[in-house]
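Numbering (mature numbering (1 follows the signal peptide of the UniProt record, and there is no 0)), first residue to last: -23 to -1, 1 to 642.
Just below is one structure, and these are the notes that go with it.
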């Protein structure tokens, strides 16, 4: 049985001319070509839950730029957007259900949301949009600016990812895969309305165009953000009564569009063109204790990429990509006001090749070069006026099959040059096939994050730059046991990271803050995730993370204290059930208390949110879905990050439609 399974994997390898497929069993990617059965077709499923991993087949090998190919032994979770049915779907909330991932939320639609992965800072998590870096000049990617309507799925790779993705991936990498065009004409859309005048909508059209395939999508949303919250007027007096207030200057609105074109070029090559444009504006309400009544932010983003894929003579699978992004942010009012908007531009080209050698190992190599710049009105002398620098990198990886394919070893090495910094990121990954459908995967390596432009050169309000900063780095290791069957999937593992030269903002009199490198920190933990389908009308998924962090700075105020903003326990569980015409779902998202300061003098209490929803789907051409979603069902009042109130109970109604020019198979 094992021999035939291995033969199938070798067939897949030969068809895709890449040895990468041989190491996918630790984290198989979603299939790209076959569509799932229609819900009303014989044998079709009435609903789907987040599919963590899907077995690869020879007919549908993963694309060479997918996370499972780039890091075959990595701790990978794949989350599909259409499996989170219901109204007002949120990119950050969906990503936070993955193990090892914690959300930092300023509160409400359109307000800043970022991720902490495996205890690394939010600016040490690299976020990509179809491979285009979205991290801003401060190193943080704001997920509120990425609507879920654009995405088809999210690839969440946990652990240091510098060996494959370069500077920035100390904690992990999130790649947002946008919707794909299709060969059949299709029009779909969704409208949602709910609490605090929150309205969301999107409309897409896809189909054949000029010998290829095209997708056009537009999206938009708005919210007043005036939700009630509990306020402590005397925080220094324990036990005093809380007062209900209502958030002001918390409104947000945004709109944008996506264009994607795909075409076969002949000779086994294909081209994929992506264009994305978005605009947004929001109030910056501040914390409950320090509200801001007039601070505003507006911004816009435009990005484009062109990718050409194919196979050269000799069986070398190639993937060439060029990309560009322009991000504009303007601040007005409050202490962050700027006389001119800040504009970040970045672009680059990347060439990747994969070749099978000798039938028992495969080589991959990546060469990339690019540039980055930021315009700013107030910079220090070290910037030379307008900060900009070149980026270049070289990466090589080998995948070696041993013991008749039961053991795969994948060593890799990447060298990055980011402005004045040279970063070396080695890694080795191992995958072992065990009896009874069990697998073992393990990884160890080193990753880096170069200081950002803001941290080095740019003054913003009361935040001062420091041109003497050193790159952050991480030594990491993880291991997990994985089991999968036709009805279930489960993974349990542990991880450990040693972060060095971490960058933190410290007080800089009078009344300002400046970034400094402080010693190091240790983070260890456990991760568990699973999925179960005991019956066609019932399914569930869960994830749990234990994170234990320790500040290793030799200062008695901080030594061995837990790092702020890292809750020790985090749980996400989801269950769905019912036929297509009435599907119910319930989700629980909980995390434990955690400190807000490095000395542990301030903390946020733990919280648990329960979400519930019902949906009914009718017809097939067109298909219509009506749903009702209740967020925070029990109206739990909580705060996040440094004291930002989170919304209480909210109700959303949604109507979605889908019309296809052909019958669903």
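C-beta: ideal position from N, C-alpha, C; glycine also.
Since the structure is predicted, the reported quantities are computational estimates derived from the model, not experimental observations.
- Taking C-beta atoms as the reference points, residue 622 and residue 206 count as a pair closer than 8 Å.
- The three-state reading of DSSP puts residue 47 in helix, counting H, G and I together.
- As DSSP reads the structure, residue 635 sits in a beta bridge with 165, 600.
- The beta carbon of residue 203 sits closer than 6 Å to those of 173, 223, 224, all from its chain and outside the five residues before and after it, given in chain order.
- Put simply, the backbone Cα of residue 332 is about 26 Å away from that of residue 424.
- Between residue 418 and residue 407, the C-beta gap is smaller than 8 Å, which places the two residues in contact.
- Boundaries around residue 142 are those of the alpha helix (DSSP H), 139 to 142, since no beta strand (DSSP E) includes it.
- By the Cβ test, the stretch 228 to 236 is in contact with the stretch 254 to 261, since at least three Cβ pairs between them sit closer than 8 Å.
- Nearest neighbour of residue 187 by Cα position, chosen from 238, 210, 66, turns out to be 238.
- Only residues of its own chain outside the window of five on either side were considered, and among them 504, 506, 520, 522 have a CB closer than 6 Å to the CB of residue 76, listed in chain order.
- If you draw a 10 Å sphere on the C-beta of residue 537, you find fewer than 16 other C-beta atoms in it, and that means exposed.
- In this structure, the CA atom of residue 636 is about 31 Å from the CA atom of residue 246.
- The beta carbons of residue 251 and residue 161 sit about 20 Å from each other, so the pair does not count as a contact at 8 Å.
- Per DSSP, reduced to three states, the secondary structure at residue 472 is strand.
- A residue is called buried when at least 16 other Cβ atoms come within 10 angstroms of its Cβ; residue 334 does not meet this threshold and is exposed.
- Contact between the stretch 573 to 588 and the stretch 532 to 546 is present: three or more C-beta pairs spanning the two stretches fall below 8 Å.
- In the structure shown, residue 337 falls within a coil segment according to DSSP collapsed to helix, strand and coil.
- Collapsing the DSSP output to three states places residue 68 in a helix.
- A distance of 8 Å or more separates the beta carbons of residue 482 and residue 498.
- When only Cα atoms are considered, residue 163 and residue 638 end up about 6 Å apart.
- Per DSSP, the continuous beta strand (DSSP E) segment holding residue 208 begins and ends at 205 to 208.
- The residues 302, 349, in chain order, have a CB closer than 6 Å to that of residue 323 in the same chain once the five nearest residues on each side in sequence are set aside.
- Bridge pairing for residue 399: 394 [DSSP].
- At a Cβ-Cβ threshold of 8 Å, residue 127 and residue 196 count as neighbours.
- Selection 598, 567, 54 evaluated against residue 588 yields 567 as nearest (Cα-Cα).
- A straight line joining the alpha-carbon of residue 148 with that of residue 598 spans about 44 Å.
- In the DSSP assignment, the residues bridged to residue 293 are 289.
- Distance check between residue 458 and each of 51, 101, 553 places 51 closest, using alpha-carbon atoms only.
- Contact between the stretch 615 to 630 and the stretch 71 to 85 is present: three or more C-beta pairs spanning the two stretches fall below 8 Å.
- Short of 7 Å from the beta carbon of residue 216, and not among the five residues preceding or following it, lies no beta carbon of its own chain.
- When rounded, the separation of the alpha-carbon atoms in residue 158 and residue 281 is 16 Å.
- Comparing alpha carbon positions, the residue from 342, 343, 392, 336 closest to residue 378 is 336.
- Membership of residue 432 in the alpha helix (DSSP H) is indicated by the continuous run 430 to 433.
- Bridge pairing for residue 437: 440 [DSSP].
- Looking at the DSSP output, residue 553 shares a beta bridge with 516, 562.
- Exclusion of the five residues before and after residue 364 leaves 350, 351, 353, 356, 430, 433, 434, 435 as the residues of its chain whose Cβ lies within less than 8 Å of its Cβ.
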